[in-house]
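Quick note: the sequence shown uses this note's numbering, first residue 645, plus one each step.
For every residue, glycine included, the Cβ atom is placed at its ideal position computed from N, Cα and C.
Some notes on the structure that comes next.
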Amino acid sequence: MKRFLRAMLPFVLFVLILEIGIPMYADPYNVFHWSKIRDNGVEPNSNYIKMKYILANPDKFDSFLFGSSRTGFVDVERIPEGKWYNMSYSEGLPNEHLENLKEMIAHGIIPKNVMIGVDNISCFVNPALHEKQFYRIPYPRTNLLSFYANYFSIRGVIKAQEVTGHHQVTDPDYVERYYRSGCSNRNLVVENDWNSDAPYWEEYYENQLFNSIHDMVRIRELCEEYDINLIVFTNPIYYTTYQHSELYGYKEWLSWLANDMEFYNFSGVNAITTDKNNYIETSHYNMQVGDMIIDRIFHNKTDAALESQGFGFYVTLDNRENYLKALANH
Numbered sequence: 645m646k647r648f649l650r651a652m653l654p655f656v657l658f659v660l661i662l663e664i665g666i667p668m669y670a671d672p673y674n675v676f677h678w679s680k681i682r683d684n685g686v687e688p689n690s691n692y693i694k695m696k697y698i699l700a701n702p703d704k705f706d707s708f709l710f711g712s713s714r715t716g717f718v719d720v721e722r723i724p725e726g727k728w729y730n731m732s733y734s735e736g737l738p739n740e741h742l743e744n745l746k747e748m749i750a751h752g753i754i755p756k757n758v759m760i761g762v763d764n765i766s767c768f769v770n771p772a773l774h775e776k777q778f779y780r781i782p783y784p785r786t787n788l789l790s791f792y793a794n795y796f797s798i799r800g801v802i803k804a805q806e807v808t809g810h811h812q813v814t815d816p817d818y819v820e821r822y823y824r825s826g827c828s829n830r831n832l833v834v835e836n837d838w839n840s841d842a843p844y845w846e847e848y849y850e851n852q853l854f855n856s857i858h859d860m861v862r863i864r865e866l867c868e869e870y871d872i873n874l875i876v877f878t879n880p881i882y883y884t885t886y887q888h889s890e891l892y893g894y895k896e897w898l899s900w901l902a903n904d905m906e907f908y909n910f911s912g913v914n915a916i917t918t919d920k921n922n923y924i925e926t927s928h929y930n931m932q933v934g935d936m937i938i939d940r941i942f943h944n945k946t947d948a949a950l951e952s953q954g955f956g957f958y959v960t961l962d963n964r965e966n967y968l969k970a971l972a973n974h
């Protein structure tokens, strides 16, 4: 028996190195290097990394912006009050924001302010899909080993090598900015002009309208319970993406949201969302639009013409009907 075990030892070590050692060392999604991420061309699992970072530094920030990658272009360093961190990550969803906020509170981190940017992604993506996507697997509130098991995969490393093997660093401030503010690159330049007005739409989008509204209400209730100042706004998605989303119920979702909470609206067809100069492509607005969001919410800078089209309109239950008219005004 001992002879058999000795004979098997090299094989076992080989398997451990292959299935655990190499994935942990290569770590294309930066989950094992969350405290010192590397710009390797692969999108990191920012949901996990940013949560680990905040939980490990509970006193560094007191205010948080949650949302999809679109809210990454809201420069929280321009917000005049509070120590803000941008928690945005790819396809960030209300259900995930809710769970992350619960985890913060469970660790004694009670934010002064929570701001959430919502959009069509919020109500068309099933959170269960992210469980199978390396760069979107949610932060595990329980069973951390099960989370890591996803990344003990030589297949994932090999797949990522298609990107990491050819990546050239073009954003030298990426890592420093990631931990300083969590924001996207303010100086991002799109090298190729985009000519297509085709809406950004994924084939896996489905009706999650009710579930996402329910999650938003639970976030509001949690913030009320812990006396957290909650600010909600809608991301100004490009007009063709907005119009396509309308066909699947996005406008109804916005109407439902207005029944349950106050928020700043930047959605719709308006002078900002129809101008290509404000967008990187038909999914992401640029940092200048992010500045407009901050100016409206925190500096009360308004534009009567834009508000008449819904951009910057502060929605309450009392003015809900006027808001819906503004959406249809352009």
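Each of 757, 794, 679, 685 was checked against the Cα of residue 870, and the nearest Cα belongs to 757.
In this structure, DSSP gives residue 918 a state outside helix and strand, which the three-state scheme calls coil. Boundaries of the alpha helix (DSSP H) harbouring residue 791: 788 to 793, taken from the DSSP string. Taking a contact as a CB-CB distance under 8 Å, the pair residue 730 and residue 709 counts as one, their CB atoms being some 5 Å apart. In the structure shown, residue 754 falls within a coil segment according to DSSP collapsed to helix, strand and coil.
Using a Cβ-Cβ distance cut-off of 8 Å, the stretch 763 to 782 and the stretch 745 to 752 are not in contact, since fewer than three pairs of beta carbons, one from each stretch, lie closer than that value. If you look at residue 707, you'll find it in the beta strand (DSSP E) that goes 707 to 710. Following the DSSP letters along the chain, one finds residue 765 in no beta strand (DSSP E) but inside the alpha helix (DSSP H) bounded by residues 764 to 768. By the Cβ neighbour-count rule, residue 917 is buried, with 16 or more other Cβ atoms within 10 Å of its own.
Under the 8 Å Cβ criterion, the stretch 772 to 787 does not count as touching the stretch 886 to 904, having fewer than three qualifying pairs.
Exposure of residue 679 is indicated by the presence of fewer than 16 other C-beta atoms within 10 angstroms of its C-beta. Beyond the five residues adjoining it in sequence on each side, residue 856 comes within less than 6 Å, by CB distance, of 738, 766, 767 in the same chain, given in chain order. Beta bridge pairing from DSSP links residue 909 with 957. Annotation for residue 762: 878 place their beta carbon closer than 6 Å to its own, counting only its chain and skipping 5 residues before and after.
The continuous beta strand (DSSP E) containing residue 874 extends over residues 873 to 878.
Contact between the stretch 719 to 726 and the stretch 847 to 862 is absent: fewer than three C-beta pairs spanning the two stretches fall below 8 Å. For residue 678, the three-state secondary structure derived from DSSP is coil. The alpha-carbon of residue 808 is positioned some 42 Å away from that of residue 896.
Its chain contains 726, 727, 728, 755, 756, 757 as the residues whose beta carbon lies nearer than 7 Å to that of residue 707, once the 5 sequence neighbours on both sides are disregarded; these appear in chain order.
Nearest to residue 692 by C-alpha distance, out of 910, 945, 781, is 781. Remark: three or more beta-carbon pairs, one from each stretch, lie closer than 8 Å, so the stretch 899 to 909 and the stretch 940 to 958 are flagged as touching. The distance from the Cβ of residue 939 to that of residue 819 is about 29 Å, inconsistent with a contact at the 8 Å cut-off. The beta-carbon distance between residue 714 and residue 928, rounded to whole angstroms, is 5 Å. This is short enough to meet the 8 Å contact definition. The C-beta separation of residue 923 from residue 930 comes to about 6 Å, placing the pair in contact by the 8 Å criterion. When the Cα atoms are used, residue 674 and residue 696 turn out to be separated by approximately 12 Å.
Taking C-beta separations shorter than 7 Å and ignoring five residues to either side along the sequence, the partners of residue 893 in its chain run 851, 853, following chain order. Assignment of residue 845 by DSSP, reduced to helix, strand and coil, places it in the coil class.
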